[in-house]
Amino acid sequence: MKTNAVSLTETEYVLPGNRLCPGCALSLAYRHILKALEGQVIVTVPASCLTVLHGMYPVTSVTVPCVNTPFASTGASASGLVAGLKALGKKGLTVVAVAGDGGTHDIGIQALSGAAERQTDFIYICYDNEGYMNTGNQRSGSTPLGAISGTTPILGKQQNQKDITAIMEAHHIPYIATASACHPLDLYEKVKKAKAMKGTRFIYVFTPCPPGWRFPFSDTIKIGELAVQTAWTVLYEIENGVFRLTSASESLARKGNLKPVSEFIEVQERFKSISEKQISELQDWVNARWQLYLKRASDS
Amino acid sequence: MKKADIQILDGNNAAAQGAKLSRVQVIAAYPITPQSPVTEKLSELVEGGKLNAEYVTVESEHSALAVCTSASIVGARTFTATSSHGLAYMHEMLHWVAGTRLPVVLVCVNRAIGAPWNVLNDQQDSISQRDTGWIQIYARNNQEIVDSVIQAYKIAEALYVPVMVCYDGYILSHTEMPVDVPAQVDVDRFLPPYKPHTILDPANPKNYNLVTLANPRVNAEGVLCHGYMELRYLLQEALQDSKETIMKVGREFGELFGRNYGRMFWEDRLDDADIIIVAMGSLAMEAIVAADMLRKEGHKAGVLGLRVFRPFPKSELVRALRKARLIVVFDKNISYGSEGATCSEIKSALYGSSINAAIRNFIVGLGGRDVKARELAEAVNKSLLSLKEDILNKEYPEWICYI
Chain A
0 MKTNAVSLTE TEYVLPGNRL CPGCALSLAY RHILKALEGQ VIVTVPASCL
50 TVLHGMYPVT SVTVPCVNTP FASTGASASG LVAGLKALGK KGLTVVAVAG
100 DGGTHDIGIQ ALSGAAERQT DFIYICYDNE GYMNTGNQRS GSTPLGAISG
150 TTPILGKQQN QKDITAIMEA HHIPYIATAS ACHPLDLYEK VKKAKAMKGT
200 RFIYVFTPCP PGWRFPFSDT IKIGELAVQT AWTVLYEIEN GVFRLTSASE
250 SLARKGNLKP VSEFIEVQER FKSISEKQIS ELQDWVNARW QLYLKRASDS
Chain B
0 MKKADIQILD GNNAAAQGAK LSRVQVIAAY PITPQSPVTE KLSELVEGGK
50 LNAEYVTVES EHSALAVCTS ASIVGARTFT ATSSHGLAYM HEMLHWVAGT
100 RLPVVLVCVN RAIGAPWNVL NDQQDSISQR DTGWIQIYAR NNQEIVDSVI
150 QAYKIAEALY VPVMVCYDGY ILSHTEMPVD VPAQVDVDRF LPPYKPHTIL
200 DPANPKNYNL VTLANPRVNA EGVLCHGYME LRYLLQEALQ DSKETIMKVG
250 REFGELFGRN YGRMFWEDRL DDADIIIVAM GSLAMEAIVA ADMLRKEGHK
300 AGVLGLRVFR PFPKSELVRA LRKARLIVVF DKNISYGSEG ATCSEIKSAL
350 YGSSINAAIR NFIVGLGGRD VKARELAEAV NKSLLSLKED ILNKEYPEWI
400 CYI
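From first to last, the protein sequence lines stand for chains A and B.
Numbered as in numbering that gives the first Met the number 0, the first sequence ends at 299 without a single skipped number.
Numbered as in numbering that gives the first Met the number 0, the second sequence ends at 402 without a single skipped number.
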């Protein structure tokens with residue numbers, strides 16, 4: 000059955016009122032992630048904006064058990080939770096690690112790779128706001144070419160982001176999905192599907208960041224939708240090696256009405272110093288990746 | 000108590016036996032010389048069905064301790080082992096474990112730390128982790144390794160403070176000696192299963208290690224809860240008060256197994272000694288041979304072998320050193336720009352006491368440099384000569400090396 004707003008789990012696990020910025024896509028994503036898991040989880044969280052969402056001792060806005068863990072250790076912390084629960088014979092809880100792109104693409108990649116190589120039975124969710132936003136927007140391995148950040152303040156970043164899902168696919172894990180906070184029903188369905196599976200499951204979630212990307216707080220959903228409409232973000236899943244476009248990306252593939260990537264770029268001030276050449280490079284990168292995904296979708 | 004079960008074990012095997020007898024439930028370790036046989040032995044025990052535990056073959060030491068942290072949080076008894084660079088790589092997690100107040104036990108097979116590369120023994124690795132909030136116990140021989148690992152769990156779980164059991168790489172880790180291996184049934188009597196104070200359960204959700212402000216803060220029910228500073232105070236208080244638990248557990252162990260550990264340090268001929276050698280780890284055994292030599296030369300020499308470095312037994316030391324006119328401290332570590340770490344501790348302990356002994360510090364055995372009992376005795380004789388200078392406290396240590 001297709002999920003709709005009415006069929007979502009009613010219980011709220013992220014209580015109203017948390018410390019995230021207005022318009023933050025992470026709040027929206029986390030709300031739907033925990034709904035899909037129906038609260039039967041232990042979450043482990045490294046240093047990240049999600050730490051901020053979880054609150055300050057002794058007040059939290061989240062009603063699931065949570066283990067905060069140092070930045071580099073998310074995959075290992077999840078491994079420890081899984082091993083501990085198994086050693087004690089405790090069943091029925093899903094271990095879920097949720098980290099940002101800095102905590103995933105960069106400092107956490109070793110522990111994540113180790114956990115995935117060991118085929119640890121957990122879900123890893125990377126929410127990608129394309130930079131170190133919790134520390135005030137510095138460049139990460141996921142910051143795109145041409146973006147201004149705290150550590151690329153004048154020229155913008157000179158390299159493009161790394162492809163974290165391709166890296167995870169090289170670990171031969173049973174489930175990989177990409178999603179967007181701005182397409183919450185698609186995200187919800189993917190988390191639900193992941194929950195029903197075993198082994199290492201990796202879900203990437205695109206989470207636009209108003210203060211970091213410099214767009215109005217009210218435009219988060221619009222930015223997220225533009226990302227999918229331009230194929231900057233592509234929604235897909237790879238289930239036991241089978242690739243499938245989903246939701247808005249699937250209909251985009253059917254209709255072929257891709258918008259130019261400049262429409263996504265020009266509404267964000269972080270790209271204010273991007274050159275025409277860089278935009279064209281980004282467009283080429285998006286096109287090549289889109290063609291690859293279309294081919295993979297038609298092949299499988 | 001069962002009949003003695005004497006086995007010929009090297010130090011690493013003794014540590015693995017200690018973990019097995021403690022019925023550890025989650026092991027996470029990453030191989031490093033000279034600790035790697037511990038990981039191999041435990042893997043063999045787990046794969047062979049001799050030890051019912053989860054062995055997580057992590058990709059780094061940082062992850063090893065992160066696995067132990069989270070497994071301990073859900074209530075499992077956890078074990079890890081490392082050396083040198085591995086311990087340094089764990090540094091962040093060492094703080095995290097102690098800050099979370101988890102009863103994790105770690106075995107550190109003491110090894111020099113680079114640069115330059117060196118795989119042999121000294122104690123710079125664990126001494127460098129002095130201020131991470133862990134109890135540190137040093138073994139002098141392989142019997143003490145197996146006994147200390149078992150006691151470590153009882154201490155850690157009573158106090159919610161992690162314990163590091165340290166022993167010298169190669170000198171103990173790769174040297175076989177007779178070990179009376181405790182019987183499982185006796186260990187089970189001594190060490191009951193771990194009961195965590197908190198269970199992570201969605202029905203009653205808890206959040207470990209939220210951002211915590213310096214000052215106390217009110218929770219949703221209006222109850223004032225500790226700030227960061229108070230949590231740090233409680234950790235210090237736990238370490239301060241841990242001496243009694245360490246000695247009590249040591250006495251209980253002695254009652255059951257016939258080897259009494261109800262002490263913070265080992266005393267050899269201190270009753271009449273006015274020259275006291277202080278050393279830690281296997282060096283404390285070597286020092287006993289040196290004391291024998293000095294006794295033959297007519298000196299009243301004794302040895303104080305440090306067993307517990309954290310908490311540091313200040314008041315007990317003052318009592319034990321009260322008859323000394325010369326204290327010679329041998330350190331297998333150096334706090335650059337100052338002196339050996341145990342020497343600093345002893346000087347600090349003696350301040351304000353009535354003891355007015357001269358103290359001499361020698362840095363020895365770094366990077367596996369062989370330390371002979373004769374050299375220790377010569378250092379004591381040299382120190383005795385220097386007493387004529389009437390200097391109680393020298394600013395910097397001497398080194399037993401070729402410079």
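Heads up, the beta-carbon is just placed ideally off N, CA and C, and yes, glycines get one too.
Here the structure is a predicted model, which is why all the values come from computation and not from measurement.
- When secondary structure is reduced to three states using DSSP, B/C165 falls in the strand class.
- What B/S42 touches in chain A, judged by beta-carbon distance under 9 Å, is nothing: the nearest beta carbon there is about 14 Å away.
- With a contact defined as Cβ atoms closer than 8 Å, A/A71 and A/G107 qualify at about 6 Å.
- As DSSP reads the structure, A/Q137 sits in a beta bridge with A/Y131.
- Closer than 8 Å to the CB of B/R216 there is at least one CB belonging to chain A.
- Chain order gives no chain A residues near B/E251, where near means a beta carbon separation below 7 Å; the closest approach is about 26 Å.
- Taking a cut-off of 8 Å on C-beta distances, the stretch 141-149 of chain B touches the stretch 243-263 of chain B, as three or more cross pairs fall below it.
- A straight line joining the alpha-carbon of A/V42 with that of A/E265 spans about 36 Å.
- Taking B/T77 as reference, the option from B/A155, B/K242, B/S83 and B/L44 with the minimal CA-CA separation is B/A155.
- Along the length of the stretch 99-163 of chain B, whole alpha helix (DSSP H) runs at least 4 residues long occupy 123-126 and 141-158, reported in chain order.
- Beta-carbon to beta-carbon, A/S217 and A/L234 are separated by about 23 Å, too far to satisfy the 8 Å threshold.
- Less than 8 Å separates the beta-carbon of B/H84 from that of B/I31.
- In the DSSP assignment, B/L383 falls within the unbroken alpha helix (DSSP H) covering A372 to S385.
- Below 8 Å, too few C-beta pairs join the stretch 37-51 of chain B and the stretch 280-292 of chain A to call them touching: fewer than three.
- Against chain B, the CB of A/N67 has a partner CB under 8 Å away; the residue lies at that interface.
- Comparing alpha-carbon positions, the option among B/T99, B/V55, B/C342 and B/A182 lying closest to B/F308 turns out to be B/C342.
- Under a criterion of Cβ atoms nearer than 8 Å, the residues of chain B adjacent to A/M55 are, in order, L209, V210, T211, L212 and R216.
- Between B/L158 and B/T244, the CB-CB gap stays under 8 Å.
- Taking a cut-off of 8 Å for Cβ pairs, the stretch 171-179 of chain A and the stretch 188-207 of chain A touch, as three or more such pairs fall below it.
- Check the Cα spacing between B/P195 and each of B/M246, B/V37, B/E374 and B/K153: the tightest is with B/K153.
- The Cβ atoms of B/I72 and B/Y207 sit closer than 8 Å to each other.
- Secondary structure note for B/L86: its alpha helix (DSSP H) is the uninterrupted segment S83 to Y88.
- When 8 Å is used as the limit between beta carbons, A/G198 is near no residue of chain B, the shortest such separation being about 15 Å.
- Cβ neighbours of B/A3 within its own chain (closer than 7 Å, five residues either side excluded): D179.
- In this chain, the beta strand (DSSP E) harbouring A/F242 covers V241 to L244.
- A Cβ-Cβ distance of about 6 Å is found for the pair B/T197 and B/K205, placing them in contact under the 8 Å criterion.
- For B/M279, there is no enclosing alpha helix (DSSP H); the residue is found in the beta strand (DSSP E) stretching over I274 to M279.
- Scanning its chain for C-beta atoms nearer than 8 Å, with the 5 sequence neighbours on each side dropped, one finds around A/N239 the residues P173 and Y174, in chain order.
- The three-state reading of DSSP puts B/E91 in helix, counting H, G and I together.
- Closer than 8 Å to the CB of B/P191 there is not a single CB belonging to chain A.
- Burial state of A/H171 is exposed, judged by a 10 Å Cβ sphere holding fewer than 16 other Cβ atoms.
- Annotation: A/S76 to B/P102 spans about 16 Å, alpha carbon to alpha carbon.
- Between A/V204 and A/I124, the CB-CB gap stays under 8 Å.
- Inclusion of B/L303 and B/L269 in the CB contact set at 8 Å is warranted, their separation being smaller than that value.
- Counting C-beta atoms within 10 angstroms of its own C-beta, A/V241 has fewer than 16 neighbours from the protein chains shown and is therefore classed as exposed.
- The beta-bridge partner set that DSSP reports for B/L303 consists of B/E266 and B/V277.
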